[in-house]
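**Q**
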Amino acid sequence: MKFGQQLRTSLIKDYYWHYIAYDDLKDALKTDYVAEPTDEDPKPKRKWSEDDEKAFIAQLEGELDKVFSFQRLKSEEIIRRIRASEKEVHQVIRQAEESGDESAFEDDFLLLEADLSDIIADVHDLAKYTQLNYTGFQKIIKKHDKQTDWHLKPSFATRLKAKPFFKDNYDAFIVTLSKLYDLVRTRGNPVKGDSSAGGNQQNFVRQTTKYWVHKDNITELKLIILKHLPVLVFNPNKEFEEKDSAISSIYYDNPETWELYMGRLKKTEGAEAIRLRWYGGMESEKIYLERKTHREDWTGEKSVKARFELKEKNVNAFLAGKMTVEQAFEKMRKDGKKGEKEIADLEQLAREIQYRVITRKLVPVTRSFYHRTAFQLPGDARVRISLDTELTMVREDNLDGRDRTGKNWRRMDIGVDYPFSQLPPEDVERFPYAVLEVKLQTQAGQEPPQWIRDLTASHLVEAVPKFSKFIHGTATMFPDRIHLLPFWMPQMDVDIRKPITHRFGIERPNTAPSVSTSDDPMDTDSEREDNDENETVTGQTTPKNFIEDEGQRRLRDAQQAIDTYERDRTREDDDTEPNELDYEERVAAMPLSQDPDDYPIYDSEEEDEADRMIAARERGGWVYRWRIFQKHVSIATDYLLSGLKKASPTPKPTAMPSNVGGLRALGGDVQARRFRAPKGKRIHVPVRVEPKVYFAAERTFLSWMEFSIILGSIAATLLNFGDQASLISAWGFTIVATLALLYSVGIYLVRVDMIRKRRASVSRYYDKWGPTLLCLMLLAAVAINFAFKIKEDGCIQDYLTNNNVQHGGSYYMSKKCMDVYEDGYNAAASYINASRSEIVLGASVTQLFRNLSVALGPQLQAGDEIIISSLDHEANIASWLLMADQKPITVKWWTGTPGPDPILRPEDLKLLMSPKTKLVTCTHTSNLLGTITDVKAIAKVVHEVPGAKLCVDAVAFAPHRPVDVKDLEVDFYAFSWYKVFGPHISVLYASTPVHPTLTSLSHFFKPHPQTLETMLSLAGTNYELTSTLPAVTTYLQQPGFWTWSVRHEETLQTMLLDYLTHTSKFHSSIQIYGSPTPDSSIRVPVICWTVRGIKSKQLVEEIQSKTGTYGFKWGHNYSYRLVERLFKAAAADGNDEARDTEDGLVRVSLCHYNTVGEVQGFIQVIEEILEGKIGH
């Protein structure tokens, strides 16, 4: 904001005619230009003569006389009024004491109180008046010197010293008035006694330290504290609820000036914070209006927090001024629970808060929410510890076009429902740490308890002096509006956890202390965010993203010089050793500047830049456009430089508070260290080497070792179980792992040597190149692996993007597309040891069997026989029954052995075979029972009958075993590729000798001899899915894959079958269907069962709803005939109850990618469900 605008908006009405005529003085400087403005020089120098200078000085002198005279007059008036009031106060008090009837003088006290309140307001107004006028003179003189090249500043400084209207000590007024007001308010009986004893205080002062606590340390910290202090329960008669510990606060400020934020951040004298607080949920009717006021140490007063209670329904009316203070306290007076004096104090507080909210245009800006655990002896406030967790800051403003609170004093779309996930990210800041606050009320010079000192010096907490929820939340959530940040902001990017520094923690009797679950401490903040404790850190650290301009640098240098002077003067004047915490508070509260020529407020070039923009706008044209272009280029350059600084891999200096030397907080010394020295100089940093330093170096080395071992394991896995692409990637990971190992050894040896020699070199301990290079190498290895796998696995995308054209053309792309398609067919044929002409790909096994039945049907004659296995999936049954319906052929059913584990045996098949048998169908593995059929032996039996053929469904077998159709000697063989981890297509094999027995389904003009594809596919093969088959077969044909897979699956099915048949408490209620033996030569890990008294669907859905992790099924799974037969037999034998075939069985299909841990977890969940269903 320009100073002229600031002056106009800050004028006090009664002083209007006595302010500096700033605009008139500015106009006096606007003489004619020396030359006409041009594009190169849009704002040339102005003409300025000696007469102009004399006239300006005379006008300036007149303004100085006016301001000085009025200030002196008002100051003397205030002094006279204070002296008169002092006499009157003491006179009334003396008369009241002599009469013994204090009530007789109540009216006199009320008049005195009103008079003193008026004087206080005058002092405030005069101080503001003086500040604004002094700044005005500084600004206009600076503008004069810059525009005219006549240097008036040195000579006018002498005039200012001769009429020092700005040097009155208004703080002395405040101190005196404060004492008088306290005498009047207490009717001559100020509160006395031992404040360290605690008790019920409305205005309370505490020596407070604040810490952050990492979430890993919260539990340990609570346990340690409760050994010394009990958890404070505010309402022991009520059952505890989480919301009982919830505390919410709404902070008010003016979003145009942020005066409360700036005051609390800078710790200026009298800086206030106003908030509304409630405990528990949103339904709480009690709202506490609180004001915190900072007092400088030199005043002899303590910073205080005062509050009063208001009904929630009255808050809006009170803050808007529609409800008077008297109305707000009317009920309190009627209740008579508080004395009249206490009510009067509260009314005064309420009146002041209401006045400030209305006149300063304060609105809600920030909400803080947290759950508080308080540790305190009931009724004793000498030692109180609070721990605030789940700290969250929320925006409460209506800025940026968002209507958050509307006309209400708080937003209503949230309550105490942490973490407030309904809020957009820009409206909420979830603080990552808990906030610990240690509050002590002790006698002057009294040491805190030893356990408190041990706690605050331990590894569990990290001290952050003056941390404030209000300041942090506001600075974080208003990044475009708040430009002065608190010193702890850079620390937010630092991991605060640290190693255990001494023997402190939870100990068992007669044992060594337990080890903390984490290594770090954190400072926290109290319910009073930036409550003015007795400790402060001088200045503020500069955030790493804060770019310091020249003016700000000069101000910082000036303050450092003033701080040094004040420290030296304090040491010279004060022979006694002050309380260390109080001394720290004084250092933090030192004024920014006392040099009248270097007053910091509004001391910038922004106003001059604005003037140049206005002049350019008035001229218009290219002059204005060029000025706009320069402005945007400057802004872009600043952002670019800032971004490059952040992105550069160099150590970032951490700005620290000004070192005031010898300061102490609770628990130990506070050391300020800067990490970047001026050019050509070095900073000597005392290095204290402890065993933990060596351990830290070893942990770093072990971390590198762990990194190398992990990479080596990845490389070994890729090398032993991967394909060609994995082999290349394995070399990359091996190289990175080896280099990481060698680098870690080298850097460890260097660091150990430096630690031993006590050499503190940031470049050695800050490893900027090693991790970067190794990460880049790791990225390269991953990229290589990814690129090869994409090249291999991205077949569908590649086909559709690069090869998706019509087959059969003579042009290049068509030929390329056909080559990809043929690669897929050849890979499928090779995988099952068949030739290209012997296979056909189709949408599903069901579809391929249907096509095969149509092609085989015309060759069958009346009286021919087909044998169908009833253990099969319906896909290998329905097509043959349909074929039999169309011709007078006989169907024989091959039912297998009786019982819950039916088996298709060759000897049983022989009994069904006859010279008329033309086709036998069976499954290689039942999709329900998991039992492996001896297909090779069955093929021999079938082929003993001339012309008989064997058709095998291997859908449930192929995922668990390799396939060799030549070795099996089958005629027809089919399975689905999606069952073996490929695309959703299927393959049907037909041996070459049976081709002549098939009627082609293709067009008549197709060439002969035809392949199985041309005879049966009906152009139904999916091209893009076919192109993926080489990748699938490569995966399945990895060296050693099937040996390992069979062994691993046997382990898994052993675990599950053993549980179902023996180890379960409820195994007697479980009925296994299929072989109960886990022998991999007998079965694959497809396991089905039922539980007596529980429907299969119910059991499966309960398990899945409980975990959501395991995928398995219930039902007949398209083997309807088999399930129906099994259920009937089980019910007849008494092994199971009568069951619905649709409800079916519980089926679990395990595979090589399942783990032992998954099966163990699955078993545990089953047992828990059965315990609930059967055990009770």
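Heads up, the sequence shown is in UniProt numbering, so the first residue is 1 and it goes up one at a time. Where is the CB? At the ideal position from N, CA and C, for every residue including glycine.
#1: So, for Cys-263: in the same chain, excluding its five sequence neighbours on each side, which residues have a beta-carbon less than 6 Å away from its beta-carbon?
#2: Quick check on DSSP: helix, strand or coil for Ile-20?
#3: Under the assumption that Gly-1093 contacts Leu-1029 (Cβ atoms under 8 Å), give the Cβ distance between them as a whole number of angstroms.
#4: Spatial neighbours of Tyr-1120 within its chain, please: C-beta separation below 8 Å, excluding the five flanking residues on both sides.
#5: Lys-215: buried (16+ other C-beta within 10 angstroms of its C-beta) or exposed?
#6: Using DSSP with H/G/I as helix, E/B as strand and the rest coil, what is Ile-385?
#7: According to DSSP, is Arg-430 part of a helix, a strand, or is it coil?
#8: My assumption, with CB atoms under 8 Å, is that Leu-276 sits in contact with Ser-249. Please give the rounded CB distance.
#9: Does DSSP classify Ile-1166 as helix, strand or coil?
#10: Let me check understanding here. Comparing Cα to Cα, which of Arg-291, His-483, Thr-209, Leu-852 lies closest to Gln-441?
#11: Take Asp-480 as the anchor and find which of Asp-493, Ile-496, His-995, Glu-426 has the nearest alpha-carbon.
#12: Looking only at its own chain, which residues have a Cβ that is under 8 Å from the Cβ of Arg-571, when we skip the five neighbours before and after it?
#13: To the nearest angstrom, how far is the alpha carbon of Leu-1052 from that of Gly-824?
#14: Let me make sure I understand the geometry here. Which of Ile-1103, Val-1156, Glu-1158 has the alpha-carbon closest to that of Gly-1172?
#15: Figure out for me which residue from Glu-907, Val-435, Leu-919 has the closest Cα to the Cα of Lys-892.
#16: Arg-275 lies in the beta strand (DSSP E); which residues open and close that run?
#17: Where do the N-terminal and C-terminal ends of the alpha helix (DSSP H) with Phe-56 fall, by residue?
#18: Can you tell me which of the three DSSP states residue 1180 falls into?
#19: Tell me whether Gly-930 sits in a helix, a strand or coil according to DSSP, three-state version.
#20: Can you give, in chain order, each stretch of the alpha helix (DSSP H) that sits fully within the region 325-364 and has at least 4 residues?
#21: When we look at the beta-carbon of Val-1156 and count the other beta-carbons within 10 Å, is it buried (16 or more) or exposed?
#22: Can you list the beta strand (DSSP E) stretches of 3 or more residues lying completely in the region 99-153, in chain order?
#23: Do Asn-927 and Val-1086 have their CB atoms nearer than 8 Å?
#24: Applying the 10 Å Cβ sphere with the 16-neighbour rule, what's the burial state of Lys-439?
#25: Look up Met-393 in the DSSP assignment and say whether it is helix, strand or coil.
#26: Just mark His-1062 as buried or exposed, buried being the case when its beta carbon has 16 or more other beta carbons within 10 Å.
#27: Leaving aside the five residues before and after Leu-11 along the sequence, list all residues of the same chain whose C-beta is less than 7 Å from its C-beta, in chain order.
#28: Whole-angstrom Cβ separation of Phe-975 and Val-845, contact assumed at under 8 Å?
#29: In the DSSP assignment, find the unbroken beta strand (DSSP E) run with Val-290 in it and report its ends.
#30: Buried or exposed, going by whether 16 or more other CB atoms sit within 10 Å of the CB of Phe-1004?
#31: Specify whether the region 1105-1114 and the region 1068-1080 touch according to this definition: at least 3 beta carbon pairs, one from each stretch, less than 8 Å apart.
#32: Does Asp-953 come out as helix, strand or coil in the three-state DSSP assignment?
#33: On a Cα-Cα basis, can you pick out the residue from Phe-137, Gly-339, Ser-1096 that is closest to Leu-1145?
#34: Excluding the 5 residues flanking Lys-940 on each side, which residues of the same chain have their C-beta closer than 8 Å to its C-beta?
#35: By the DSSP assignment, the beta strand (DSSP E) with Gly-1115 in it spans what residues?
#36: Roughly how far, in whole angstroms, is the beta-carbon of Thr-31 from the beta-carbon of Arg-46, given that I think they are within contact range, below 8 Å?
**A** Let's see:
#1: Counted from its first residue, the sequence shown places residue 263 at position 263. Checking the sequence shown, residue 263 turns out to be Gly, not Cys. These residues qualify, in order along the chain: Ala-271.
#2: Counting from one through the sequence shown, the residue named residue 20 turns up at place 20. In this structure, Ile-20 counts as coil in the three-state DSSP scheme.
#3: To locate residue 1093, count along the sequence shown from 1; it is residue 1093. To locate residue 1029, count along the sequence shown from 1; it is residue 1029. Going by Cβ atoms, the distance from Gly-1093 to Leu-1029 rounds to 46 Å, so no, they are not a contact pair.
#4: Numbered from 1 along the sequence shown, position 1120 holds the residue referred to as residue 1120. These residues qualify, in order along the chain: Glu-874, Thr-1141.
#5: Numbered from 1 along the sequence shown, position 215 holds the residue referred to as residue 215. Classification for Lys-215: exposed.
#6: To locate residue 385, count along the sequence shown from 1; it is residue 385. Looking at Ile-385 - three-state DSSP - the assignment turns out to be strand.
#7: The sequence position of residue 430 within the sequence shown is 430, counting from 1. Strand, per DSSP.
#8: Here residue 276 refers to the residue found at position 276 when the sequence shown is read from its first residue. Here residue 249 refers to the residue found at position 249 when the sequence shown is read from its first residue. Rounded, the Cβ-Cβ distance is 7 Å, consistent with contact.
#9: Position 1166 of the sequence shown, counted from the first residue, corresponds to residue 1166. Reduced to three states, the DSSP call for Ile-1166 is helix.
#10: Position 441 of the sequence shown, counted from the first residue, corresponds to residue 441. For Gln-441, the nearest C-alpha among the options comes from Thr-209.
#11: Counting from one through the sequence shown, the residue named residue 480 turns up at place 480. Of the candidates Asp-493, Ile-496, His-995, Glu-426, the one whose C-alpha sits nearest the C-alpha of Asp-480 is Glu-426.
#12: For the purposes of this step, residue 571 is taken as the residue at position 571 of the sequence shown. The predicted model places Arg-571 with a pLDDT of 41, which falls under 50 and marks its position as unreliable, so this point remains unresolved.
#13: Reading the sequence shown from its first residue, position 1052 is the one you call residue 1052. Reading the sequence shown from its first residue, position 824 is the one you call residue 824. Cα-Cα distance, rounded: 33 Å.
#14: Locating residue 1172 in the sequence shown gives position 1172, where the first residue counts as 1. It is Ile-1103.
#15: Along the sequence shown, read from residue 1 onward, the residue named residue 892 stands at position 892. It is Leu-919.
#16: Counted from its first residue, the sequence shown places residue 275 at position 275. That run of the beta strand (DSSP E) goes 272-279.
#17: In the sequence shown, counting from the first residue as 1, residue 56 sits at position 56. 50-99 is the extent of the alpha helix (DSSP H) around Phe-56.
#18: In the structure as shown, the chain starts at 1 and stops at 1176, and residue 1180 therefore has no counterpart that could be examined.
#19: The sequence position of residue 930 within the sequence shown is 930, counting from 1. Gly-930 falls in the coil class under three-state DSSP.
#20: 325-328, 330-335, 340-359
#21: Looking up residue 1156 in the sequence shown gives position 1156. Exposed, by the Cβ-count rule.
#22: none
#23: If you number the sequence shown from 1, residue 927 lands on position 927. If you number the sequence shown from 1, residue 1086 lands on position 1086. Yes; because the gap between Cβ atoms is below 8 Å, this pair is in contact.
#24: Indexing the sequence shown from 1 puts residue 439 at position 439. Its Cβ being crowded by 16 or more others within 10 Å, Lys-439 is buried.
#25: On the sequence shown, residue 393 is found 393 positions in, with the first residue counted as 1. Correct three-state label for Met-393: strand.
#26: For the purposes of this step, residue 1062 is identified with residue 1062 of the sequence shown, where counting begins at 1. Exposed.
#27: What you label residue 11 is simply residue 11 of the sequence shown in a count that begins at 1. Same-chain partners within the cutoff: Tyr-19.
#28: Stepping through the sequence shown from its first residue, residue 975 is reached at position 975. Stepping through the sequence shown from its first residue, residue 845 is reached at position 845. The C-beta distance from Phe-975 to Val-845 rounds to 7 Å, short enough to fall under 8 Å.
#29: For this step, residue 290 is matched to residue 290 along the sequence shown. Sequence check: residue 290 is Glu here, not Val. Counting along the chain, Glu-290 sits inside the beta strand (DSSP E) bounded by residues 286-293.
#30: Working through the sequence shown from its first residue, we reach residue 1004 at position 1004. Exposed is the call here.
#31: no
#32: Translated into positions along the sequence shown, residue 953 becomes position 953. Of the three classes helix, strand and coil, the one that applies to Asp-953 here is strand, per DSSP.
#33: Counted from its first residue, the sequence shown places residue 1145 at position 1145. Among Phe-137, Gly-339, Ser-1096, the Cα nearest to that of Leu-1145 is on Ser-1096.
#34: The residue given as residue 940 occupies position 940 in the sequence shown. These residues qualify, in order along the chain: Pro-906, Glu-969.
#35: The sequence position of residue 1115 within the sequence shown is 1115, counting from 1. DSSP places Gly-1115 in the uninterrupted beta strand (DSSP E) bounded by 1113-1115.
#36: Numbered from its first residue, the sequence shown carries residue 31 at position 31. Numbered from its first residue, the sequence shown carries residue 46 at position 46. Thr-31 to Arg-46, Cβ: 5 Å. Contact.
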